[in-house]
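First the structure, in the form of structure tokens, and then the observations on it.
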Amino acid sequence: MKNKNLWILTEERPKRQVIATILRKFAEDNKFACFIDTIRILPTLQNGKFSFLYEVVGFRCNKIKRVFIKSISGFSSFVDFLVFYQEKQPSEKDIPLYAIEETKTDDKESRNTGVYQRSSKFVYVDFYYPKTKKIMFYNLKIKQKEQPTSTYIFGTRLLLTLGVEILGKRLDKEIFKPFSSINEIIELKKKMHKAPKGNVQISIKRQNNRLIVSGRLFKADGLSHDPNIGALSSICAVMRKLGWKKEIVITKHGLRQKNIKAGNKFIKIASKLNIKINHLKVSRAKIERNYWKYEIEGEKLGTIFIHLVVENFTEGYSIFENHAGCEKGYFITKEGKPIPLEKYSNRKAYKKGNKKKIISIPDLILIDFGRSEIINIEGKKYKFRKDGIKELKAFGDIEKRYIKKYYPRFKITRTVVLYGGKADRVVEIKVGFLLNENGDLILGIKAPELFKEAIKNLLDFWS
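Under the working numbering, the first residue of the sequence shown is numbered 1, with each subsequent residue one higher.
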């Protein structure tokens, strides 16, 4: 086999631990000997400009020339990582070796989110890459629940039946195994705990020549109930895989005809799997020709860049991240404990209509221990920089509830990080950094010292 490059394409901010796991998995599957030391993810520069390509160092395998990471965006229901082993940068027509979804959520925190919320992604990606290996990677930050919930067992067995491999969790092989028949699925679902009063129970019934699957899909004035979208998608996909060719009907969904829109991910899946939604008309949905495209315009190109430069070229690091379109992280205390952030300063008041009671959170929080400084960052596209500056004013709640509590002696700075446009300087004092579309690295007038240190060290490295 000719040695090639490994390409990791992702919507997420690539994490060292996750990248190391992907590299180790690839090496083990191919029986390649490898060494993994301290993984670093370095932005590559050409003539002092960012090439919008990252290279991974700290990994050695004689069968792999180099390891590259590049940002992409999915068109609908996209997994976190696509992995290719080839010489040249992948095109949208190339077929990946792996499609990987990463989550930090265990069923200890949420029964539904831990397994169902991401299930639809594996159903959808299979339409494009049926032979690609699918992996659900649990990158847990908390201890795994000792006794798995019935919801997690059922959902994981659905994934296993779809051919999804589970990484990062210990699974009892006597419990966690693929379903062998439709009747087995129906019987196990019947034995599960009933939903609380007022909730719609997900159920499966065989009625003459139809399978009736109940589950609420209506939420927030639309078809947007993500855990149930995942649950119903995977149930129906498994039924089809096990040979059910007759009608599948979704009931008790709570939807109206106006909620049925061709661009919705569940409608695309329903159309592809020939699933009916009771009493509603589901038109044939058009599925995009390509599964993904290279990211060239999103604000996260700026915030992910500054995040990785700081973590790889300074002693600073992130204590919270919420990059646009990426999974929200935990807040990390001074003792290294991860804690989930509250959504509301007063949940009851928010639910009654007071929208000011939601807690506004930054896209990124960096810590500079050497200077005893916390940097709260709002990411924006260059053309929306004024909006970003305004949004800095809303960080009072998170600073009071978390930063001042866990880092009481640290100075707090608020700044904006921008991506896009062709400007070669920034005049707004509240803008700390701009990465323009040409790859220019532009520090603000009053950029945090951590930013200055990171960019200087990056430029020195490539000079």
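C-beta: ideal position from N, C-alpha, C; glycine also.
These figures come from a predicted structure and were not determined experimentally.
Check whether the Cβ atoms of VAL238 and LEU160 sit closer than 7 angstroms, and answer yes or no.
Against the sequence shown, residue 238 aligns to sequence position 238. Against the sequence shown, residue 160 aligns to sequence position 160. Not a contact, by the Cβ cut-off of 7 angstroms.
Residue interval of the beta strand (DSSP E) (run including THR10)
Along the sequence shown, one-based indexing puts residue 10 at 10. Segment 4–10, the beta strand (DSSP E) holding THR10.
Cβ atoms of GLY74 and TRP244: under 7 angstroms apart, would you say?
Residue numbering aside, residue 244 sits at position 244 when the sequence shown is read from its first letter. Residue numbering aside, residue 74 sits at position 74 when the sequence shown is read from its first letter. Their beta carbons are not under 7 angstroms apart, which means TRP244 does not touch GLY74 by this criterion.
For MET239, the first and last residue of its enclosing alpha helix (DSSP H)
Taking the first residue of the sequence shown as 1, we reach residue 239 at position 239. Segment 226–241, the alpha helix (DSSP H) holding MET239.
So for GLU87, helix, strand or coil by DSSP?
Position 87 of the sequence shown, counted from the first residue, corresponds to residue 87. In this structure, DSSP gives GLU87 a state outside helix and strand, which the three-state scheme calls coil.
Express the C-alpha separation of ASN438 and ASN47 in angstroms, rounding to a whole number.
As a working note, residue 47 is residue 47 in the sequence shown. As a working note, residue 438 is residue 438 in the sequence shown. Approximately 11 angstroms, taken between the alpha carbons.
Neighbour-count burial assignment, HIS307, 16 or more Cβ in a 10 Å radius:
As a first step, residue 307 must be located in the sequence shown, where it is residue number 307. Residue burial annotation: HIS307 is buried, with at least 16 other C-beta atoms found within 10 angstroms of its C-beta.
DSSP-derived helix/strand/coil call for ASP37:
Taking the first residue of the sequence shown as position 1, residue 37 is located at position 37. Note: ASP37 maps to strand in three-state DSSP.
Are the region 308–328 and the region 113–122 in contact at 8 angstroms, needing three or more beta carbon pairs?
Contact fails: fewer than three Cβ-Cβ distances are below 8 angstroms.
Through-space distance from LEU211 to ALA220, alpha-carbon basis:
Translated into the one-based positions of the sequence shown, residue 220 becomes position 220. Translated into the one-based positions of the sequence shown, residue 211 becomes position 211. C-alpha separation (whole angstroms): 27 angstroms.
With a 10 Å radius around its C-beta and 16 neighbouring C-beta atoms as the bar for buried, classify VAL427 as buried or exposed.
Against the sequence shown, residue 427 aligns to sequence position 427. When all chains shown are included, VAL427 counts as exposed.
Among the residues of its own chain, which have a CB less than 8 angstroms from the CB of PHE127, if the five just before and after it don't count?
Counting from 1 along the sequence shown, the entry for residue 127 is found at position 127. The residues are LYS272 and ILE287.
Tell me, please, whether the region 127–141 touches the region 45–61 by the rule of three or more beta-carbon pairs shorter than 8 angstroms.
no
Could you give the C-beta distance for LEU6 and VAL79, rounded to a whole number, given that I count them as a contact under 8 angstroms?
Counted from its first residue, the sequence shown places residue 6 at position 6. Counted from its first residue, the sequence shown places residue 79 at position 79. No, LEU6 and VAL79 are not in contact; Cβ-Cβ is about 17 angstroms, not under 8 angstroms.
For ILE202, which option in LYS49, LEU171 and SER150 has the closest C-alpha, if you only look at C-alpha atoms?
Stepping through the sequence shown from its first residue, residue 202 is reached at position 202. Comparing Cα positions, the closest option is SER150.
Excluding five sequence neighbours on each side, which residues of the same chain lie with their C-beta closer than 6 angstroms to the C-beta of GLU391?
Residue 391 sits at position 391 when you count from the first residue of the sequence shown. Closer than 6 angstroms at the Cβ level, and outside the excluded window around GLU391, lie GLU378.
Using the beta-carbon count (16 or more within 10 Å), is ASP363 buried or exposed?
Within the sequence shown, residue 363 is the residue found at index 363, counting from 1. Flag for ASP363 reads buried.
Which value, in whole angstroms, describes the spacing of the CA atoms of ARG206 and VAL213?
The count along the sequence shown starts at 1 and reaches residue 206 at position 206. The count along the sequence shown starts at 1 and reaches residue 213 at position 213. For ARG206 and VAL213, the distance between alpha carbons rounds to 9 angstroms.
Cβ contact check for the region 439–458 and the region 385–401: 3 or more pairs under 8 angstroms
The region 439–458 is not in contact with the region 385–401.
Output the distance between the C-alpha atoms of ILE204 and ILE186, rounded to the nearest integer angstrom.
Position 204 of the sequence shown, counting from 1, holds the residue named residue 204. Position 186 of the sequence shown, counting from 1, holds the residue named residue 186. Spanning the two alpha carbons is a distance of roughly 6 angstroms.
Bridge-paired residues (DSSP) for TYR344:
Your numbering for residue 344 matches position 344 in the sequence shown. Bridge partners of TYR344: ILE358.
Indicate the three-state DSSP secondary structure (helix, strand or coil) for LEU97 in the structure shown.
Here the question's residue 97 lines up with position 97 in the sequence shown. The answer is coil: DSSP assigns LEU97 none of H, G, I, E or B.
Return the CA-CA distance between GLY329 and ASN209, expressed in angstroms with no decimal places.
For the purposes of this step, residue 329 is taken as the residue at position 329 of the sequence shown. For the purposes of this step, residue 209 is taken as the residue at position 209 of the sequence shown. Rounded to the nearest angstrom, the two C-alpha atoms are 46 angstroms apart.
Reducing DSSP to helix, strand and coil, say where GLN46 ends up.
On the sequence shown, residue 46 is found 46 positions in, with the first residue counted as 1. Judged by DSSP in its simplified three-state form, GLN46 adopts strand.
PHE218 and LEU162: beta carbons closer than 7 angstroms?
One-based indexing of the sequence shown puts residue 218 at position 218. One-based indexing of the sequence shown puts residue 162 at position 162. The answer is no: Cβ separation not under 7 angstroms.
Can you tell me the Cα-Cα spacing of LYS70 and PHE52, whole angstroms?
The residue you call residue 70 lines up with position 70 of the sequence shown. The residue you call residue 52 lines up with position 52 of the sequence shown. PHE52 has its alpha-carbon roughly 7 angstroms from the corresponding atom of LYS70.
Taking the C-alpha atoms as reference points, what is the distance between LYS337 and TYR317?
As a working mapping, residue 337 is identified with position 337 in the sequence shown. As a working mapping, residue 317 is identified with position 317 in the sequence shown. A direct Cα-Cα distance of roughly 15 angstroms separates LYS337 from TYR317.
Out of SER76, ILE39, PHE81 and PHE35, which has the shortest C-alpha to C-alpha gap to ASN62?
Counted from its first residue, the sequence shown places residue 62 at position 62. Of SER76, ILE39, PHE81 and PHE35, the residue nearest in Cα terms is PHE35.
May I ask which residues mark the beginning and end of the beta strand (DSSP E) holding ARG210?
On the sequence shown, residue 210 is found 210 positions in, with the first residue counted as 1. Unbroken beta strand (DSSP E) run through ARG210: 210–214.
Less than 8 angstroms between the CB atoms is what I'm expecting for THR413 and ASN436, so what's the real figure, rounded?
Against the sequence shown, residue 413 aligns to sequence position 413. Against the sequence shown, residue 436 aligns to sequence position 436. Not quite, the Cβ-Cβ distance comes to about 23 angstroms (not below 8 angstroms), so this is no contact.
Classify LEU280 as helix, strand or coil using the three-state DSSP reduction.
Mapped onto the sequence shown, residue 280 falls at position 280. In the structure shown, LEU280 sits in coil (DSSP, three-state: anything other than H, G, I, E or B).
Taking only three categories from DSSP, how would you classify GLY58?
Taking the first residue of the sequence shown as 1, we reach residue 58 at position 58. Here GLY58 carries a strand assignment [DSSP, helix/strand/coil].
Nearest by alpha-carbon distance to GLN147: which of ILE175, VAL125 and TYR124 is it?
On the sequence shown, position 147 is the one that residue 147 refers to. Per the Cα distances, ILE175.
Just checking, does the region 7–20 make contact with the region 275–282 on the three C-beta pairs under 8 angstroms criterion?
The region 7–20, when compared against the region 275–282, does not touch it at the 8 angstroms Cβ threshold.
Output the distance between the C-alpha atoms of ILE367 and ARG16, rounded to the nearest integer angstrom.
Here residue 367 refers to the residue found at position 367 when the sequence shown is read from its first residue. Here residue 16 refers to the residue found at position 16 when the sequence shown is read from its first residue. Using only the alpha carbons, I get a separation of about 18 angstroms.
Would you identify the three-state DSSP class for ASP460, choosing helix, strand or coil?
Residue mapping note: residue 460 aligns to position 460 of the sequence shown, counting from 1. Assignment of ASP460 by DSSP, reduced to helix, strand and coil, places it in the helix class.
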